[in-house]
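Position one of the sequence shown corresponds to residue 4 (the numbering used here), numbered consecutively onward.
For glycine and all other residues, C-beta sits at the position ideal for the given N, C-alpha and C.
Owing to the predicted nature of the structure, the values given are computational and were not obtained by experimental measurement.
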Amino acid sequence: MSRLDKIKTFRGLTWVGLLANSMFVLFIIVTLIYYSYYLRTGNIVPVVEAIAYAIEVSGFLLMLLNVVGYAVKLRGRLPLKIAMSVYFLMEFIIMICDFNLIDVSEFYTPASKALIISHCVFSTAVVMFYMLIEKENTVLQKATTVAAVICMLACFAIVFNVRVYASVLVNSVAYIVLFSVILFYDNRGVIYPDCYGEEQKTFSDSGFFE
Numbered sequence: 004m005s006r007l008d009k010i011k012t013f014r015g016l017t018w019v020g021l022l023a024n025s026m027f028v029l030f031i032i033v034t035l036i037y038y039s040y041y042l043r044t045g046n047i048v049p050v051v052e053a054i055a056y057a058i059e060v061s062g063f064l065l066m067l068l069n070v071v072g073y074a075v076k077l078r079g080r081l082p083l084k085i086a087m088s089v090y091f092l093m094e095f096i097i098m099i100c101d102f103n104l105i106d107v108s109e110f111y112t113p114a115s116k117a118l119i120i121s122h123c124v125f126s127t128a129v130v131m132f133y134m135l136i137e138k139e140n141t142v143l144q145k146a147t148t149v150a151a152v153i154c155m156l157a158c159f160a161i162v163f164n165v166r167v168y169a170s171v172l173v174n175s176v177a178y179i180v181l182f183s184v185i186l187f188y189d190n191r192g193v194i195y196p197d198c199y200g201e202e203q204k205t206f207s208d209s210g211f212f213e
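Spelled out as structure tokens, the structure:
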């Protein structure tokens, strides 16, 4: 199997999602370090800014590949596919607003408590849809629940009066945890997603509360 063929598999696409969210975490870390340096010195370093934006754009491209790949690869699961697509669009709009590519200052305030809370609640709801990958699988149920709890923790960002990117950072950590668990158990034959072009398997297990 070629490298491209491996990327097209469910496991390969999950790795892409993991890498995308890792890029977002790296972008925010670089941004925080650079912003701290700028506050101390007042110096602007275009090279660092270019690297930071390149990291974020790369993250979005990988995220798009993950979303489109899942949408094409997974059988059915329309609610999950819609949720992933809307989530990607929401994150993309936030990026556009933060880059100031369009003038949205009249209605966009990055440190708005309402924005951060809304972002957390919606992100939590989207994560829960990942149970549909294999809804009877208790491992996946528990993984998505943990990821959802992590997303909700971003609500505490309002206490520190920080930007919505704090919520984005927490979301990325949640997805890193979720995708890592999926990869771990998929490799051990515990998670069997029904995908086009891959051998269909079944998994029998008790429900989350049983």
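Buried/exposed call for residue i, threshold 16 Cβ in 10 Å
i, result
"residue 151", "buried"
"residue 175", "buried"
"residue 6", "exposed"
"residue 140", "buried"
"residue 49", "exposed"
"residue 171", "buried"
"residue 42", "exposed"
"residue 210", "A caution first: residue 210 carries a pLDDT of 40, below 50, which makes its placement in the model too unreliable to give a value."
"residue 191", "exposed"
"residue 47", "exposed"
"residue 72", "buried"
"residue 110", "exposed"
"residue 107", "exposed"
"residue 80", "buried"
"residue 89", "exposed"
Beta-carbon proximity of residue i to residue j, cut-off 7 angstroms
i, j, result
"residue 118", "residue 167", "yes"
"residue 186", "residue 17", "yes"
"residue 20", "residue 69", "yes"
"residue 133", "residue 112", "no"
"residue 9", "residue 198", "no"
"residue 1", "residue 129", "Within the shown structure, residues of the chain are numbered from 4 to 213, placing residue 1 beyond reach of any answer."
"residue 95", "residue 58", "no"
"residue 1", "residue 136", "With the chain running from 4 to 213 in the structure shown, residue 1 is simply not present."
"residue 180", "residue 142", "no"
"residue 38", "residue 51", "no"
"residue 114", "residue 62", "no"
Contact belief for residue i with residue j at Cβ below 8 angstroms, rounded distance in angstroms
i, j, result
"residue 55", "residue 33", "5 angstroms"
"residue 169", "residue 157", "6 angstroms"
"residue 65", "residue 26", "6 angstroms"
"residue 126", "residue 100", "So it is not a contact: roughly 16 angstroms between Cβ atoms."
"residue 67", "residue 102", "That pair is no contact at about 17 angstroms."
Helix, strand or coil at residue i [DSSP, three-state]
i, result
"residue 212", "Residue placement at residue 212 is flagged as unreliable, the pLDDT there being 34, under the threshold of 50; a coordinate-derived value is accordingly withheld."
"residue 198", "strand"
Which full runs of the alpha helix (DSSP H) of 4+ residues lie inside the segment 77-153, going along the chain? 81-101, 116-131, all fully within the segment 77-153.
Let me know the alpha helix (DSSP H) ranges lying completely inside the segment 43-80, each 4 residues or longer, listed in chain order. Considered as a whole, the segment 43-80 harbours 49-76 as its complete alpha helix (DSSP H) runs of no fewer than 4 residues, in chain order.
Would you list, in sequence order, the uninterrupted beta strand (DSSP E) runs of no fewer than 3 residues that lie entirely inside the segment 5-38? Listed in chain order, nothing qualifies, since the segment 5-38 has no complete beta strand (DSSP E) run of 3 or more residues.
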